[in-house]
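K.L.:
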Amino acid sequence: MNNRLNQIIFVVALMTVAINCCACISIETASSVETNKSLSNAATTQTKTATLSDSLFKAAYPGDYKLVKLGEEELWQDRGEAGNFGGVLTVSEFGSGPKTFNCWAASDVESGGIASLMYESLLGVDPWTAKFYPRLAKNFSISADHRDYTFTLRKGLRWSDGHPLTADDVVYTFGTLIAKGFGNSSSRDVLSVYGHYPSVEKIDNLTIRFHTQVPFAPFLSAVGAAIAPKHILEPITSKLTAENKVGEFNSFWDINCKPETLVVNGPFKLHRYLPGQRVELVPNPYYSMVDKLNRRLPYLNKFVVLIVPDQNTQLLKFYAGDTDLLDIRAVRGGDAALVKQREKSGNFTMYNLGPDDGTIFFMLNLCRRKNPKTGKFYVDPIKQSWFNNRYLRQAISHAVDRKRMVANIMRGVGYELFTSESTASVFFNNKLKPYPQDLGYASQLLEKGGFKKQGDFLYDGQGNRVEFTLYTNAGNSVRDAICVMIQNDLKTLGIKVNYQPIDFNILVDKVSDSLEWDAVVMGLTGSRLEPYDGANVWKSAGRLHMFDQRLPDSKGTIKVDDARDWEKQIDSCFNQGATTFDLPSRHKYFDLYQQITYDEQPFIYLFSNLNITAVRNTIGNYMPTPLGIGFVPRGSMHNVEEIFLKKTP
Amino acid sequence: MSLPVYIFKRCLQALPLLFIISIMSFVMMRLAPIDPLAYLKANPAISQATIKAEEERLGINKPPVVQYFLWLSNLLKGDLGISTSGGSVNKLLLQRAGNTLLLGVASVFFTWLIAIPAGVYAAVYRNTLIDRGFTILTAIGMSMPTFLLALILLMLATQTHILPIGGLTSQDFFEKNLLGKGLDILSHLIIPTTVLTVIGLAGVQRQMRASLLDVLQLDYVRTARAKGLPESKVIYAHAVKTAINPLITLFGFEFASLLSGAALTETVLAYPGLGRLTLEAVETKDMNLVMASLMLGGLMLISGNLLAAILLKFADPRIALE
């Protein structure tokens, strides 16, 4: 009797294992879970994705926008083919959905993405040429001393409730809403030049002039903040300013607001929000763009964003035809080859839009200071001497196998990286050459740096064995795999790396506050268009100058008295790059900064992700470019107003 | 003791319990080394001033004791505070509570509908092929991770195109008539309910089987059989009635799960429930939201236990309310 029961239990156990295994195989291939065991089967998928990464997609340049007049109204005429109206476009978004519908309070990607469908700004950046062009404005000019910027609005602009959009709205947006710090005050920081906020004045009903205290080249990208409806928001903000409750602005137009109360100037307007399920947007009836036949855009009847908290489910929804498009980041390394196989049967096309502007890097803690509270060094003086030894950092950079990381961890859907500006950036310094893994050269560099290898271990000049702890955030399988690879690569040099994954929040705290860390693998977002956006990272007094973080005093200002020569050089590159308008000189400064970081290796860059999208062939006017990528759900649809659904014959 | 007095007494007892739960939850959340602003701090575009302002807004720069009593006094006023994302916690919970209750009731209903007869059958026909079939099924249900089962069913749905891939409503939901709406929600409920039923089935079925097996060996059952009562009457009128007692206690605990949600299943199936909301809140240390969810869970557990005690009283007259 007992025997039989045991048999049954055994059979059940076997079955469960079998079921689990089957499921695991399908999940393994459908996700980027990466272990050393699966390295072998990665080689087969890599051959398929290699062809993908060779074929960078860039739609043909469709020409400039044309200004057309319909009655009194001045509108931009779009650049794509004339499509047909109607239909619902459904996309999915990974995560927990937007946190707010208040465009100026948004500080997360999901809210920012929805806001970018609803609001426009004075200027746009051309996704082909990277040049600024007028959007709500008709034209703009910069004075000879680079301190005055004059914008003229188009005639006849209207908000979605029919109220005219005039210079008053612009002056309110920049002079009150952003200047007084309503919502997310980072737009104010971006606009401020060395602590001075630019002044803004109304010249006439359609003309606005900004004045900055010193010439500031990144100003044009900063002035791209969305314009706010004064007639709706002023009654609210004036009350809050009076009562000194600027923070309460965040609860206006939050996720519990009534959609019909939103007033927008962009192509779409919120129609319905089902928490945890989807966001539905409908066209703004007063959107000021027309197509080639002078019909008012957008084409779509409805834009639906499904909120999907699991990436496998996101893929399944696309396979099942629930969604029309998998935008950037939805197709991960491990998935790309599988998605590619379904291109024909699923009637969609995959586009490779090149490397992302984000970077993934390895860094050592270069801090040489003592903790004023405890009187102890943040970093053990022995380790300090290693980490501050440039040869060690260079040796590590030559010892890590980036090629294998891209092939095995990203399954080919990545791009090796050696510079502080991603190859996606228009300021990328292409004179800085990539190099392959070279353990022999790495060993030579270590010898030059005074390190000696005895047996299996590396020792410094004083005979201390080189050993340190490497952190990254737990739960991120890509970074986990990177750390394991680095650990193995450095082992061949004799460096013992103790790898320890920790919670993301703790990692951030170590790097930005407690400063008690040796080595970290992290990622940062970047900018394709404006390297000055990285000032917070690169300036020695920056808030994210992570490789040698100086802590702010009680007033929040960071004082630096121990900057290295190369840190000072980078500071001056950024300062000059910010105040120079001449493009070749800007390139010169930002090239020099990349050269310095390439030589000094404060961050040892590893790779960038590739942006891959998969788009149903029934979508018309989909013209993605490597530069025209924003927050999802707008994502690669920089021309979302002219996207249409082809009629099925 | 009469029933209303008993209920009143139990409610009074619940108050200090809830207070202790709230203090424990608060201390645990405070001790967790999670910084709700970590993502802001890791973003190069955010300034120090913004982070300070955000700390001010969320009140995390105040001492913990002050924070706790602020929270408590707001709670007594019926205000659960604001979430880190700015929305009111009351509204956030209300939005999801209905969905979670729907799924919870459906899965508990089907679990018990299947598990009780299956348990009785398995006990009566012990060691037959069908009993072993149930054993295998419940063993799978117990050993299979929920997210895996959910994912397998989703893949099946992708291949067959019969059932929707996650979510709760279709995109054309609001254009449908009342019947269409009902059918739409039903079709979306099939996969999550199946997952939770299969997982929940195991425990209840095994409990029912074991409990009935015990009772069937008791003297009074033998007496009933000896009296010549028909077997169906022996089992259903006499044995099951006694054997059900431990299951009522179990039901009290299951009641608590009605509003706590199933975070993993909800995540994989993109179901807009409370479990997912709570999980996301814990990950971002959304204090007010987590506290509210934990208090709700505690409240449901206490009322589940009370409910079980009352039901037990009705099911078994021997039990006295004290």
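Chains as they are written, first to last, in my numbering: chain A, 1 to 649; chain B, 650 to 971. Where is the CB? At the ideal position from N, CA and C, for every residue including glycine. Small disclaimer: the values here were computed from a predicted structure and weren't measured.
Can you round the beta-carbon distance between H211(A) and D145(A) to whole angstroms, since I take them to be within the 8 Å contact cut?
P.N.:
For the purposes of this step, residue 211(A) is identified with residue 211 of the first sequence, where counting begins at 1. For the purposes of this step, residue 145(A) is identified with residue 145 of the first sequence, where counting begins at 1. The Cβ separation is near 10 Å, so there is no contact.
K.L.:
For the alpha helix (DSSP H) that contains W159(A), what are its first and last residues?
P.N.:
Here residue 159(A) is taken as the residue at index 159 of the first sequence, counted from 1. Segment: none, W159(A) is in no alpha helix (DSSP H) and carries neither H nor E.
K.L.:
For T61(A), count neighbouring C-beta atoms within 10 Å of its own C-beta (all shown protein chains included) and say buried if the count is 16 or more, exposed if not.
P.N.:
Here residue 61(A) refers to the residue found at position 61 when the first sequence is read from its first residue. A small fix is needed here, since residue 61(A) is Tyr in this sequence, not Thr. Flag for Y61(A) reads exposed.
K.L.:
May I ask you to list, following chain order, the residues of the segment 303-318 of chain A that have a beta carbon less than 8 Å from some beta carbon of chain B?
P.N.:
Going along the segment 303-318 of chain A in chain order, one finds V304, L306, I307, V308, P309, D310, N312, T313, L316 and K317 with a Cβ nearer than 8 Å to chain B.
K.L.:
Please classify C367(A) as buried or exposed, where buried requires at least 16 neighbouring CB atoms within 10 angstroms.
P.N.:
Residue mapping note: residue 367(A) aligns to position 367 of the first sequence, counting from 1. Burial call: buried.
K.L.:
Can you tell me whether DSSP reads Y651(A) as helix, strand or coil?
P.N.:
Here chain A covers residues 1 to 649 and nothing more, so residue 651(A) does not appear.
K.L.:
Between S32(A) and chain B, is any beta-carbon pair separated by less than 8 Å?
P.N.:
Working through the first sequence from its first residue, we reach residue 32(A) at position 32. Residue confidence is low: S32(A) scores 36 on pLDDT, short of 50, so the model does not pin down where it sits. Its coordinate-derived value is still stated next. Answer no: the Cβ-Cβ gap between S32(A) and chain B never drops below 8 Å.
K.L.:
Compare the C-beta of P713(B) with all C-beta atoms of chain A and state if any pair is closer than 8 Å.
P.N.:
Translated into positions along the second sequence, residue 713(B) becomes position 64. For P713(B), the answer is no, since every Cβ of chain A falls outside 8 Å of its Cβ.
K.L.:
Go through its chain and collect everything with a Cβ distance to A167(A)'s Cβ below 8 Å, but skip five positions before and after it.
P.N.:
Against the first sequence, residue 167(A) aligns to sequence position 167. The residues are L153, K202, I203, D204, N205, L206, T207 and I208.
K.L.:
Along chain A, which residues have their Cβ under 8 Å away from the Cβ of M705(B)?
P.N.:
Position 56 of the second sequence, counting from 1, holds the residue named residue 705(B). The residue asked about is misnamed: residue 705(B) is Glu in this sequence, not Met. Neighbours of E705(B) on chain A, chain order: G247.
K.L.:
What are the residues of the segment 917-950 of chain B that lie near chain A, defined by any Cβ-Cβ distance shorter than 8 Å?
P.N.:
Listed in sequence order: V917, L918, A919, Y920, P921, G922, R925, L926, E929 and K934.
K.L.:
Check V676(B) in the structure and name its three-state DSSP category.
P.N.:
Here residue 676(B) corresponds to residue number 27 of the second sequence, with the count starting at 1. In this structure, V676(B) counts as helix in the three-state DSSP scheme.
K.L.:
Cβ of T261(A) less than 8 Å from any chain B Cβ?
P.N.:
Here the question's residue 261(A) lines up with position 261 in the first sequence. Judged by the 8 Å Cβ criterion, T261(A) is not in contact with chain B.
K.L.:
Just reading off the beta strand (DSSP E) that I272(A) is part of, what are its end residues?
P.N.:
What you label residue 272(A) is simply residue 272 of the first sequence in a count that begins at 1. In the sequence under discussion, the amino acid at residue 272(A) is Arg, which differs from the Ile named in the question. F268 to L274 is the extent of the beta strand (DSSP E) around R272(A).
K.L.:
Is there contact here, the segment 607-622 of chain A with the segment 236-250 of chain A, by at least three beta-carbon pairs under 8 Å?
P.N.:
Contact fails: fewer than three Cβ-Cβ distances are below 8 Å.
K.L.:
Between D503(A), G523(A) and Y459(A), which has its C-alpha nearest A474(A)'s C-alpha?
P.N.:
As a position in the first sequence, residue 474(A) is number 474, starting the count at 1. A474(A) has its Cα closest to that of D503(A), out of D503(A), G523(A) and Y459(A).
K.L.:
If you draw a straight line from the alpha carbon of A873(B) to that of G727(B), how long is it in whole angstroms?
P.N.:
On the second sequence, residue 873(B) is found 224 positions in, with the first residue counted as 1. On the second sequence, residue 727(B) is found 78 positions in, with the first residue counted as 1. In a straight line, the C-alpha of A873(B) is about 56 Å away from that of G727(B).
K.L.:
Determine whether the Cβ of H810(B) lies closer than 8 Å to any Cβ atom of chain A.
P.N.:
On the second sequence, residue 810(B) is found 161 positions in, with the first residue counted as 1. True, the Cβ-Cβ gap to chain A drops below 8 Å.
K.L.:
Can you look up N575(A) in the DSSP assignment and give me helix, strand or coil?
P.N.:
To locate residue 575(A), count along the first sequence from 1; it is residue 575. Looking at N575(A) - three-state DSSP - the assignment turns out to be helix.
K.L.:
Looking at chain B, is there any beta carbon in it that lies within less than 8 Å of the beta carbon of L274(A)?
P.N.:
As a position in the first sequence, residue 274(A) is number 274, starting the count at 1. By this cut-off, L274(A) is an interface position.
K.L.:
Quick one: residues in its chain with C-beta nearer than 8 Å to the C-beta of L721(B), no 5 flanking neighbours on either side, listed in chain order?
P.N.:
One-based indexing of the second sequence puts residue 721(B) at position 72. Excluding positions up to five away in sequence, the list reads S671.
K.L.:
Measure the C-alpha to C-alpha separation of E416(A) and N408(A) and round it to an integer number of angstroms.
P.N.:
Indexing the first sequence from 1 puts residue 416(A) at position 416. Indexing the first sequence from 1 puts residue 408(A) at position 408. Looking at the two C-alpha atoms, the distance is approximately 12 Å.
K.L.:
Just to confirm the assignment: which complete alpha helix (DSSP H) runs, minimum length 4, are found wholly within the segment 255-326 of chain A?
P.N.:
DSSP runs (the alpha helix (DSSP H)) wholly in the segment 255-326 of chain A: 311-319.
K.L.:
Give me, in chain order, the residues of the same chain whose beta-carbon lies closer than 6 Å to that of V632(A); leave out the 5 immediate sequence neighbours on both sides.
P.N.:
Counting from 1 along the first sequence, the entry for residue 632(A) is found at position 632. E93, G113 and D327.
K.L.:
Suppose only complete runs of 4+ residues qualify. What are the alpha helix (DSSP H) ranges in the segment 789-866 of chain B, listed by chain order?
P.N.:
Correct list: 795-809 and 827-865.
K.L.:
Determine the DSSP secondary structure at I709(B), reduced to helix, strand or coil.
P.N.:
Locating residue 709(B) in the second sequence gives position 60, counting from the first residue. Coil at I709(B), not helix or strand.
K.L.:
Could you pull the start and end residues of the alpha helix (DSSP H) that P98(A) belongs to?
P.N.:
In the first sequence, the residue the question calls residue 98(A) occupies position 98. Premise fails: P98(A) is in no alpha helix (DSSP H) and is neither H nor E.
K.L.:
Starting from the beta carbon of P552(A), find every residue of chain B whose beta carbon is closer than 9 Å, and list them in chain order.
P.N.:
Taking the first residue of the first sequence as position 1, residue 552(A) is located at position 552. Here the neighbours are Q697.
K.L.:
Could you spell out where the beta strand (DSSP E) holding N611(A) opens and where it closes?
P.N.:
Residue 611(A) sits at position 611 when you count from the first residue of the first sequence. Here the beta strand (DSSP E) through N611(A) covers F603 to R616.
K.L.:
For L817(B), which residues from the same chain have a beta carbon less than 7 Å from its beta carbon, with the 5 sequence-adjacent residues on both sides left out?
P.N.:
Residue numbering aside, residue 817(B) sits at position 168 when the second sequence is read from its first letter. Excluding positions up to five away in sequence, the list reads N748, I834, H837, Y920 and P921.
K.L.:
In chain order, which continuous runs of the beta strand (DSSP E) of length 3 or greater are located wholly inside the segment 517-544 of chain A?
P.N.:
Entirely contained in the segment 517-544 of chain A, the beta strand (DSSP E) runs reaching 3 residues are, in chain order, 519-524.
K.L.:
Check the Cβ-Cβ distances between I255(A) and every residue of chain B, and say whether any is below 8 Å.
P.N.:
Position 255 of the first sequence, counting from 1, holds the residue named residue 255(A). At least one chain B Cβ lies under 8 Å of I255(A).
K.L.:
Taking its Cβ as the centre, do 16 or more other Cβ atoms sit within 10 Å of C660(B), making it buried, or is it exposed?
P.N.:
Along the second sequence, read from residue 1 onward, the residue named residue 660(B) stands at position 11. Exposed: under 16 other Cβ atoms inside 10 Å.
K.L.:
For chain B, is any of its Cβ atoms less than 8 Å away from the one on F451(A)?
P.N.:
Here residue 451(A) is taken as the residue at index 451 of the first sequence, counted from 1. By this cut-off, F451(A) is not an interface position.
K.L.:
Cα-Cα, which of V508(A), K452(A), E447(A) and D489(A) is closest to T657(A)?
P.N.:
Nothing can be reported for residue 657(A), as the shown portion of chain A is limited to 1 through 649.
K.L.:
Given a limit of 9 Å on CB to CB distance, which residues of the segment 728-751 of chain B reach chain A?
P.N.:
Those residues of the segment 728-751 of chain B that come within reach of chain A (Cβ to Cβ, closer than 9 Å) are I731, S732, T733, S734, G735, G736, S737, K740, L741, Q744, R745 and N748.
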